[in-house]
Amino acid sequence: MKRFLIAFGVFFCWFLLGILFMNTTGALDRKSVFASKISTESDIDSTPNAAKPEFVPFVEDNSDEEDSKRTLTQPDTFMGTNLNQSNEQVVEELTKTIQANKRQLAEDLEKLRNAKKRSNATAVAPRTFDALFYPEFKHARFVAEQKATSFLSFIKQKLSADPNLHIKVVGHTDYIGDKEDNYLLALDEAKKVREFLIKSLKLPDNQVSAYSSGETEPIYDRDSANRELNHRIEIYFE
């Protein structure tokens, strides 16, 4: 309680000092406060020969606005130039990427094509036959040339050892063309070789027979450099 009274006394003393200060300086007089700052209209009019304030029309200054427009236009132009350059760089990079992808795609396709060829390669099993003959045909007609003469001598030698041997003529083709067409082609060539043997050696018709295997029994892989040698005639003695 004692402390409260002391604090209240101090506060009250400061309050009195403040009132005294304001009274002494005239701060409480409203007119004195604004006297040096405000001149009323009546005071101005009552002053003899007092110059009244002239009305000056307001003229808007657009120089700052024009400067700001120029300032804004310059960055826009600069930004536009930079954007064009940036777009050209992007297009160039995309073009390079596309070209690189095309080259990579071509390489991958080539690898895939080679792998497919390897996977589709026909497994060539060893074949046993008594004679292998590559006849010559022109305009679908058998040509009796030097190879045919050598082939005929070999058949005659075999028959001289065993005249009752049955001769089986089997025609083969490569993979070029349609499968059915190749079968018919091989059969036609086998028949022509059969006729050549029968006429040349004066054999009975039932001693020589003709068959076709078409493209189904190659002796060389279809991707081999020797794949054309699959087009042949095989001879079997039975």
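Numbering (the UniProt record's numbering), first residue to last: 1 to 238.
Cβ atoms here follow ideal geometry from the backbone N, Cα and C, with glycine treated the same way.
With fewer than 16 neighbouring CB atoms inside 10 Å of its own CB, Pro-204 falls in the exposed class. For Leu-132, the uninterrupted beta strand (DSSP E) segment begins and ends at 131-133. Taking a cut-off of 8 Å for Cβ pairs, the stretch 221-237 and the stretch 151-171 touch, as three or more such pairs fall below it. With fewer than 16 other Cβ atoms inside 10 Å of its own Cβ, Phe-154 counts as exposed. In this structure Leu-159 is in contact with Leu-165, their Cβ atoms being roughly 6 Å apart against a cut-off of 8 Å. For Tyr-183, the enclosing alpha helix (DSSP H) starts and ends at 179-201. Cβ-Cβ separation between Phe-133 and Val-208: approximately 13 Å, too far for a contact (criterion under 8 Å). When DSSP states are grouped into helix, strand and coil, Ile-155 belongs to the helix group. Taking a C-beta distance under 7 Å as the contact criterion, Asn-230 and Asp-174 qualify as a contact pair. Residue Glu-189 holds the alpha-carbon nearest to the alpha-carbon of Lys-138 among Glu-180, Glu-189, Glu-110. DSSP places Ser-224 in the coil class of the three-state scheme, outside both helix and strand. Following the DSSP letters along the chain, one finds Ile-167 inside the beta strand (DSSP E) bounded by residues 167-172. Beta bridge pairing from DSSP links Arg-141 with Lys-138. Distance between Asp-223 and Glu-215, taken at the CA atoms: about 14 Å. Per DSSP, the beta bridge partners of Ala-210 are Val-169.
A residue is called buried once 16 or more other Cβ atoms fall within 10 Å of its Cβ, and Ser-150, having fewer, is exposed. Shown here, Glu-234 sits in a strand according to DSSP, grouped into three states.
By the neighbour-count criterion, in which a residue is buried when 16 or more other Cβ atoms sit within 10 angstroms of its Cβ, Phe-15 is exposed.
Asn-182 is classed as buried because its beta carbon has at least 16 other beta carbons within 10 Å across all chains shown.
Going by beta carbons, Ala-210 and Lys-179 fall outside the 7 Å limit.
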